[in-house]
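Structure first, then comments.
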């Protein structure tokens, strides 16, 4: 497969996932796309290029706001973890992103988010863990108090 074909495929995948995030919650094939991306991300070289970091920040993190996240959450987490292993600042971006989309009032989804944070904390630079955890707890507690 040549570079031109890969570029077209990336654009189609990006556009489809963006439509899932921002338009219609139609999640058909999202799990399969994420499963396929796992084998692609494994081959990414370090340091990650800007395009890969942008995909993580602008697509993988916002996928957490999709109402039917539970249908592809495990694949999304696995894909996200592969990115975070390759770039040590991405766990911080990930936790900050989860805070933006924190599902106040949806206890099942909150448990999913907490479990994801638990997985990601182990990938964090030790100097960043305290900051992330404090921000996370403050934000979650404040959101819960004001939305209760």
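Numbering (the UniProt record's numbering), first residue to last: 1 to 148. We put the CB at the ideal spot given by N, CA and C, even for glycine.
For residue 42, which residues of its own chain have a beta-carbon under 7 Å away from its beta-carbon, when the five flanking residues on both sides are left out?
The residues are 82.
So residue 132 and residue 124 are supposed to be a Cβ contact under 8 Å. How far apart are they, rounded?
That pair is a contact at about 6 Å.
Where does residue 45 sit, in a helix, a strand or coil, going by DSSP?
Residue 45 falls in the coil class under three-state DSSP.
Taking 8 Å as the cut-off, is the beta-carbon of residue 101 closer than that to any non-hydrogen atom of the ligand HEM?
Among the components modelled here there is no ligand, and therefore nothing to report on the ligand HEM.
In whole angstroms, give me the CA-to-CA distance for residue 38 and residue 61.
If you take the alpha carbons of residue 38 and residue 61, they lie about 15 Å apart.
Taking Cβ positions, are residue 76 and residue 84 nearer each other than 9 Å?
Against a cut-off of 9 Å, the Cβ pair of residue 84 and residue 76 comes out as no contact.
Based on Cα-Cα distance, which residue from 79, 36, 30 and 33 lies nearest to residue 53?
Selected option, being the one with the closest Cα: 79.
Distance, Cα to Cα, residue 140 vs residue 99?
Whole-angstrom Cα-Cα distance: 7 Å.
Could you pull out every unbroken alpha helix (DSSP H) segment of at least 4 residues lying fully inside the region 40 to 120, listed in chain order?
Runs found: 50 to 55, 73 to 86 and 90 to 100.
For residue 36, does the three-state DSSP call read helix, strand or coil?
Helix.
When the Cα of residue 16 is compared with those of 5, 3, 2 and 31, which residue comes out closest?
Out of 5, 3, 2 and 31, 31 has the C-alpha closest to the C-alpha of residue 16.
Spatial neighbours of residue 102 within its chain, please: C-beta separation below 8 Å, excluding the five flanking residues on both sides.
The answer, listed in chain order, is 110, 113, 139, 140 and 143.
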